[in-house]
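Inspection log for the structure reproduced underneath, given as structure tokens.
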Amino acid sequence: MKKTVLVIDDDRVFNALLVKNFQRMGLEPVSAASWREAEKLLTQHEPDLILLDFRLPDADCERLLPLLAAQYPVIVLTGFGTIRNAVSMIQLGASEYLTKPVDLAELELTVSRVLETAALRQTLEHYRKRVNQDQSALVGDSKEMRDVHSLIDAVAPTDVTVLIQGESGTGKEMAARAVHERSPRGDRALVIVDSCGLQEQLFESELFGHERGAFTGADQQKKGLIEEAAGGSLFLDEIGEIPPAIQAKLLRVIETGTFRRLGGTKTLRADVRFIVASNRDLLGMSKNGSFRSDLYYRLSSFIITLPPLRERREDIPALARHFLDSFRKTEAKELTPETLKRLLAYDWPGNVRELRNTVERGFILSRGARKILPDHLAFIPGLVSGNNDTTLQYGFEPTLEDIERDYFSKLLVKYGGNRQKAAAALGISERHAYRLIVKYQLSDL
Ligand SMILES: Nc1ncnc2c1ncn2[C@@H]1O[C@H](COP(=O)(O)OP(=O)(O)OP(=O)(O)O)[C@@H](O)[C@H]1O
Ligand SMILES: [Mg+2]
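Under our numbering, read the sequence shown as residues 1470 to 1914, first letter to last.
Structure (structure tokens):
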């Protein structure tokens, strides 16, 4: 896509020269001979770069520059007579400055560099956001997962909107990342939007941005996530939760590739690939009217469905090993055959996420032991059959401390208060057991 450069200079000959030069460079120049003209153009275009003559007849550029530079990369052009030093230009926000008469080779170099820096900055921002996020690839070699992979590979190179469906914890977000990463946009930003729980207007301005004064409290123009994601992809999670009014606007962006900021009049181009996900039955919702059917039909042109884990149990061993590997710091741990058997038999209503959590807890509760025993999984309801007296059940998501306290106290009860036995069952030292007893005040058990 061609980059747009806005040239603001009242010297028409020079202006035309720049325009011609930019066209030759494969850019899309837009030119203004005054600030008034430029202001008007800015309501229709969203330039990637502005070249600003520092001496305009109708504007005080010293005041104008910081405002423009807050939104766009700006290269300042100064006449020889009005020379100001580079530092003060840069302090006002300019990316670069050039002195007239401008050497065309230097101009070209400077423009390319500034455009490149702006693109780099976006990429950098993207990587900064990605730090600490789990980037590991989708694990699993079942027929079902191989089908998922080939769908991802097929659709990734296109700009087609993708709908990812599947129960909670099946890996929808991971699949969305894979679509993005395997696409030509893969080294640009992937912006993730969780559609849950945001109030309508807030959500709308998050997504589309707003102009100054669009609503009470909008005292500054703000770019929306669609603009943040320019060149990259936008992942809309839980799309079934989006309010109807926004569903309509979303459909418009997807269909036309254009949108407007809240309170804005200029039509902006959305250079974005949409990936959406839902764990709800969107088709059913579109039939009963709680999800716009026109949006559903638009989204349903390419659906990737992630099968529940219980329908691809053969992936369980590889997944469990993968997670065990990711938790280890030094020593390798493994599941005993019996433990694996339990994992294979379980139904995993929480899918891969639940498996991951289970393996993590087993990893922690096995402490110094190299092997993870079925008993180390004992607190997962239904996971351990038979000896149920140390099974824990929670109506909430327990913290590790909850689990440690409850499990240890159950062990103490089971072994009639024998610390040595309880400690052995937990794989901890007697001293450690004693500390737990003090910590949780379990001395009565
Ligand atoms: N195939 C897989 N390989 C490795 N890890 C996976 C796989 N599928 C899921 N996971 C892991 O399981 C967890 C849940 O995955 P993810 O967040 O993608 O699920 P989701 O479908 O988006 O869930 P929800 O609907 O609850 O948002 C994450 O920790 C993810 O890393
Ligand atoms: Mg998710």
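For each residue, glycine too, the CB sits at the ideal point set by N, CA and C.
Residues bridged to Pro1498 [DSSP beta-bridge criterion]
Here the question's residue 1498 lines up with position 29 in the sequence shown. Looking at the DSSP assignment, Pro1498 forms a beta bridge with Val1474.
- If I'm right that Ile1477 touches Leu1521 with Cβ under 8 Å, what's the distance once you round it to whole angstroms? Position 8 of the sequence shown, counted from the first residue, corresponds to residue 1477. Position 52 of the sequence shown, counted from the first residue, corresponds to residue 1521. Right, the Cβ-Cβ distance comes to about 5 Å (below 8 Å), so this counts as a contact.
Tell me whether Asp1750 sits in a helix, a strand or coil according to DSSP, three-state version. Your numbering for residue 1750 matches position 281 in the sequence shown. DSSP places Asp1750 in coil when its eight states are reduced to three.
Discussion item. Given this structure, state the Cα-to-Cα distance separating Gly1548 from Val1556, to the nearest angstrom.
Written reply: The sequence position of residue 1548 within the sequence shown is 79, counting from 1. The sequence position of residue 1556 within the sequence shown is 87, counting from 1. Answer to the nearest angstrom: the Cα atoms are 16 Å apart.
**Report entry** The alpha helix (DSSP H) enclosing Glu1441, as first and last residue numbers
**Finding:** Residue numbering for the chain in the displayed model covers 1470 to 1914; residue 1441 lies beyond these limits and cannot be assessed.
Subject >> Residue closest to Arg1767, alpha-carbon to alpha-carbon, out of Arg1721, Ala1891, Glu1800 and Leu1905 >> reply: Here residue 1767 is taken as the residue at index 298 of the sequence shown, counted from 1. For the residues Arg1721, Ala1891, Glu1800 and Leu1905, the minimum Cα distance to Arg1767 belongs to Arg1721.
(request) Have a look at Ser1770, Leu1475 and Thr1512 and flag the residue whose alpha-carbon is nearest the alpha-carbon of Ser1500. (result) For the purposes of this step, residue 1500 is taken as the residue at position 31 of the sequence shown. Minimum Cα distance to Ser1500 is reached at Leu1475.
Notebook entry, point to check: Is Val1907 helix, strand or coil when you go by DSSP?
Noted result: Sequence index remark: in the sequence shown, residue 1907 carries index 438 (1-based). It is helical.
| message | Only counting the same chain, and skipping five residues up and downstream in sequence, which positions put a Cβ closer than 6 Å to that of Ser1854? | response | Here residue 1854 refers to the residue found at position 385 when the sequence shown is read from its first residue. Residue confidence for Ser1854 is low, a pLDDT of 39 falling below 50, so the modelled location carries little weight and cannot support an answer.
Under a three-way DSSP split, which group does Phe1523 fall into? As a first step, residue 1523 must be located in the sequence shown, where it is residue number 54. Residue state, collapsed to three classes: coil.
Given Pro1516 as reference, the closest of Gly1885, Ile1785 and Glu1696 once Cα atoms are compared: If you number the sequence shown from 1, residue 1516 lands on position 47. When only C-alpha atoms are compared, the closest one is Glu1696.
Which value, in whole angstroms, describes the spacing of the CA atoms of Val1631 and Glu1870? Counting from one through the sequence shown, the residue named residue 1631 turns up at place 162. Counting from one through the sequence shown, the residue named residue 1870 turns up at place 401. Their Cα atoms are separated by approximately 41 Å.
Check whether the Cβ atoms of Glu1565 and Met1494 sit closer than 8 Å, and answer yes or no. For the purposes of this step, residue 1565 is identified with residue 96 of the sequence shown, where counting begins at 1. For the purposes of this step, residue 1494 is identified with residue 25 of the sequence shown, where counting begins at 1. Cβ distance not < 8 Å, so Glu1565 and Met1494 don't count as in contact.
Looking at the unbroken alpha helix (DSSP H) that takes in Ser1770, where does it start and where does it end? Your numbering for residue 1770 matches position 301 in the sequence shown. That residue, Ser1770, is in no alpha helix (DSSP H); it is neither H nor E in DSSP.
Name the residue from Lys1802, Ala1563 and Val1624 whose alpha carbon lies nearest to the alpha carbon of Leu1533. Translated into the one-based positions of the sequence shown, residue 1533 becomes position 64. Closest by alpha carbon: Ala1563.
Residues of its chain near Leu1813, where Cβ-Cβ distance is below 6 Å and the 5 sequence neighbours each way are ignored:
For the purposes of this step, residue 1813 is identified with residue 344 of the sequence shown, where counting begins at 1. Counting only residues of its own chain and dropping the five nearest sequence neighbours on each side, Leu1813 has a CB closer than 6 Å to the CB of Arg1782 and Ile1785.
message: Within 10 Å of its beta-carbon, does Gln1689 have 16 or more other beta-carbons around it, so buried, or fewer, so exposed?
response: Counting from one through the sequence shown, the residue named residue 1689 turns up at place 220. It is exposed - the Cβ of Gln1689 has fewer than 16 other Cβ atoms within 10 Å.
Heavy atom of ligand 1 within 7 Å of Thr1639 beta-carbon:
Translated into positions along the sequence shown, residue 1639 becomes position 170. Yes - ligand 1 has a heavy atom lying nearer than 7 Å to the Cβ of Thr1639.
Which residues in the same chain have their Cβ closer than 6 Å to the Cβ of Val1415, if we skip the five residues on either side of it in sequence? No answer is possible for residue 1415: the residues shown for the chain start at 1470 and end at 1914.
key: Cys1530 classed as buried or exposed, judged by whether at least 16 other C-beta atoms fall within 10 angstroms   = Position 61 of the sequence shown, counted from the first residue, corresponds to residue 1530. Label assigned to Cys1530: buried.
Boundaries of the beta strand (DSSP E) in which Phe1704 is found, first to last residue: To locate residue 1704, count along the sequence shown from 1; it is residue 235. Unbroken beta strand (DSSP E) run through Phe1704: Ser1702 to Asp1706.
Pairwise C-alpha distance: Glu1650 and Ile1621
If you number the sequence shown from 1, residue 1621 lands on position 152. If you number the sequence shown from 1, residue 1650 lands on position 181. Roughly 10 Å separates the two Cα atoms.
Checklist entry - DSSP three-state call for Gly1609: helix, strand or coil? => result Here residue 1609 corresponds to residue number 140 of the sequence shown, with the count starting at 1. Gly1609: coil per DSSP, three-state reduction.
Q: Specify, as a first and last residue, the run of the beta strand (DSSP E) that Glu1565 falls within.
A: Sequence index remark: in the sequence shown, residue 1565 carries index 96 (1-based). Per DSSP, Glu1565 belongs to the beta strand (DSSP E) from Glu1565 to Thr1568.
With distances taken between CB atoms, is the gap from Gly1678 to Lys1691 smaller than 8 Å?
-> To locate residue 1678, count along the sequence shown from 1; it is residue 209. To locate residue 1691, count along the sequence shown from 1; it is residue 222. Closer than 8 Å, so yes.
Q.
As a quick exercise: from Gly1635, Pro1535 and Arg1657, pick the residue whose alpha carbon is nearest that of Arg1590.
A. As a working note, residue 1590 is residue 121 in the sequence shown. The option with the nearest alpha carbon to Arg1590 is Arg1657.
Suppose contacts are defined by Cβ-Cβ distances below 8 Å. Is Gln1513 in contact with Lys1735 by that definition? Here the question's residue 1513 lines up with position 44 in the sequence shown. Here the question's residue 1735 lines up with position 266 in the sequence shown. Their beta carbons are under 8 Å apart, which means Gln1513 touches Lys1735 by this criterion.
Exercise. To the nearest angstrom, how far is it from the Cα of Leu1751 to the Cα of Ile1723?
Worked result: By 1-based counting over the sequence shown, the position of residue 1751 is 282. By 1-based counting over the sequence shown, the position of residue 1723 is 254. So the two alpha carbons sit approximately 17 Å from each other.
Q.
Quick test of the definition: if touching needs 3 or more C-beta pairs under 8 Å, does the segment 1613–1629 touch the segment 1673–1687?
A. no
Can you find a heavy atom of ligand 3 that lies under 7 Å from the Cβ of Ala1892? With respect to small molecules bound, the structure shown includes ligand 1 and ligand 2 and not ligand 3.
Over what stretch of residues does the alpha helix (DSSP H) that includes Gln1670 continue unbroken? Taking the first residue of the sequence shown as position 1, residue 1670 is located at position 201. Its alpha helix (DSSP H) spans residues Glu1669 to Phe1677.
Would you check if there are 3 or more beta carbon pairs closer than 8 Å linking the segment 1787–1806 to the segment 1754–1769?
-> no
How big is the Cα-Cα spacing for Ile1906 and Ala1892?
In the sequence shown, the residue the question calls residue 1906 occupies position 437. In the sequence shown, the residue the question calls residue 1892 occupies position 423. So the two alpha carbons sit approximately 11 Å from each other.
What's the call for Gln1634, buried or exposed, on a 16-neighbour Cβ count within 10 Å? By 1-based counting over the sequence shown, the position of residue 1634 is 165. Result: buried.
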